[in-house]
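Visitor: Under the numbering used here, read the sequence shown as residues 223 to 492, first letter to last.
Glycine included, each C-beta is placed from N, C-alpha and C at the ideal position.
The structure displayed is predicted, hence computed values, not measured ones.
Below: one structure in structure tokens.
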Amino acid sequence: MPEDGAGADEKSTNTVQPDDAVIETPRKRSHPILRFAKLCVGFLVDQWLLLAIGLVILLAWLFPSVGKRGGHVASQWTVTYGAVILIFFVSGLSLPFDKLLYHAKNIRLHLIVQIMSFLVTSSIFFGIACAASTNPSLQTGTLVGLIATGCLPTTISSNVVMTRQAKGDDAATMVEVTLGNFLGPFISPLLITKLYLPSSTAFAAWLPAEATHHLGDLYRHVMMQMGLSVFIPLFVGQVIRWIWPKQVQATVTRFKLAKVGSLCLIALIW
């Protein structure tokens with residue numbers, strides 16, 4: 223008898239009661255219109271910066287007097303200086319100093335980025351201009367402008383903002399764009415007037431008589447603009463972060479100050 227009772231207990235243990243059974247219910251699929259709406263909202267959230275850039279380009283075409291130099295908002299001050307200052311002040315608040323110092327000592331990174339920026343990119347632009355110079359419908363001045371564009375250093379504000387938007391290393395970008403724009407006023411004129419324009423008969427006529435002289439005003443203007451809009455706000459942001467590190471980091475995270483740079487970039491494009 224005990225054995226029979228034990229067997230009965232074992233059977234009752236192994237038997238799944240109807241109340242304990244898991245009943246799988248088929249998942250209801252959302253309506254196609256609702257799924258499409260969610261997809262559109264997700265796309266707008268992910269690509270809002272690109273869409274906003276397209277919108278301000280359209281607005282700039284429709285209302286050119288708003289963002290032009292000396293226009294309604296005095297963009298030569300409010301945007302050229304104000305927006306750029308805000309971008310680098312927020313970057314100074316957001317970036318740890320040790321990361322900036324680490325990338326500043328990275329010689330390999332400097333060589334790769336600056337060679338790509340000044341030599342590789344400019345040679346590609348020069349090759350395109352030479353290939354297009356045989357087309358009579360293209361003006362030579364346009365092609366010379368293309369060569370000059372390829373010799374210029376990379377932009378500052380848009381590079382920092384785009385790198386941050388893409389979840390890249392914005393500290394490395396900050397160091398490299400600053401270095402590139404510091405070297406640009408010295409390297410770019412030499413590339414244009416000593417390397418590319420004299421090497422082609424199609425462009426030699428556009429070589430200035432005094433190509434590399436009297437550039438002191440240009441150097442002073444570039445260095446003054448970089449100092450006021452890049453170095454000083456970045457330094458001030460770093461000092462504030464050094465004094466109140468926890469409070470600054472909490473403020474940057476809570477108020478999503480990284481988005482401020484994206485909004486300033488949109489203003490710059492307009």
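1) Using 10 angstroms around the beta-carbon of T434, count the other beta-carbons present and answer buried if the total reaches 16, otherwise exposed.
2) Taking the C-alpha atoms as reference points, what is the distance between V383 and L479?
3) Quick check: I307 and S451, are their CB atoms within less than 8 Å of each other?
4) Decide yes or no for the touch test of the region 356-367 against the region 381-401: beta carbon pairs closer than 8 Å, at least 3 of them.
5) Please state whether the Cβ-Cβ distance between V277 and G459 is less than 8 Å.
6) Going by C-alpha distance, which of I309, K389 and L368 is nearest S345?
7) So for N381, helix, strand or coil by DSSP?
8) Quick check on T423: buried or exposed, where buried means 16 or more other Cβ atoms within 10 Å of its Cβ?
9) Looking at V379: is its Cβ nearer than 8 Å to the Cβ of I309?
10) Answer with buried or exposed for F265, where buried requires no fewer than 16 other C-beta atoms within 10 angstroms of its C-beta.
11) Taking Cβ to Cβ, would you say R405 is nearer than 8 Å to P375?
12) Could you pull the start and end residues of the alpha helix (DSSP H) that F408 belongs to?
13) For the region 401-419 and the region 323-343, state whether three or more C-beta atom pairs, one from each stretch, are separated by less than 8 Å.
14) As a quick exercise: from F311, P318 and A427, pick the residue whose alpha carbon is nearest that of K468.
15) List the whole-angstrom C-beta distance separating G289 from W492, where the pair is believed to meet the contact cut-off of C-beta under 8 Å.
16) Look at S313 and L456 and say whether their C-beta atoms are less than 8 Å apart.
17) In chain order, what residues of the same chain lie with their CB nearer than 8 Å to the CB of V474, ignoring the 5 residues before and after it?
18) Answer with yes or no whether the minimum CB distance from S422 to chain E is below 8 Å.
19) For T377, which residues of its own chain have a beta-carbon under 8 Å away from its beta-carbon, when the five flanking residues on both sides are left out?
20) Can you check the region 295-381 for any alpha helix (DSSP H) of at least 4 residues that lies completely inside it and give the ranges in chain order?
21) Grouping DSSP H, G and I as helix and E and B as strand, with all else coil, what is A427?
22) Indicate the three-state DSSP secondary structure (helix, strand or coil) for K478 in the structure shown.
23) Under a three-way DSSP split, which group does G293 fall into?
Guide: In terms of the structure at hand:
1) With a pLDDT of only 49 at T434, under 50, the local geometry of the prediction cannot be trusted, and the value read off the model is given with reservation. It is exposed - the Cβ of T434 has fewer than 16 other Cβ atoms within 10 Å.
2) 12 Å
3) yes
4) no
5) Per the sequence presented here, residue 277 reads as Leu, with Val not at that position. Contact: no.
6) L368
7) helix
8) exposed
9) First, the residue type needs correcting, since residue 379 is Ser and not Val in the sequence shown. The answer is yes: Cβ separation under 8 Å.
10) exposed
11) Before going further, note that residue 405 is Leu rather than Arg in the sequence given. Closer than 8 Å, so yes.
12) D392 to L412
13) yes
14) P318
15) 4 Å
16) yes
17) V312, L315, S316 and A480
18) In summary, chain E is missing from the structure at hand, where a single protein chain is found.
19) V399
20) 306-316, 319-326, 329-336, 343-354 and 362-373
21) coil
22) coil
23) coil
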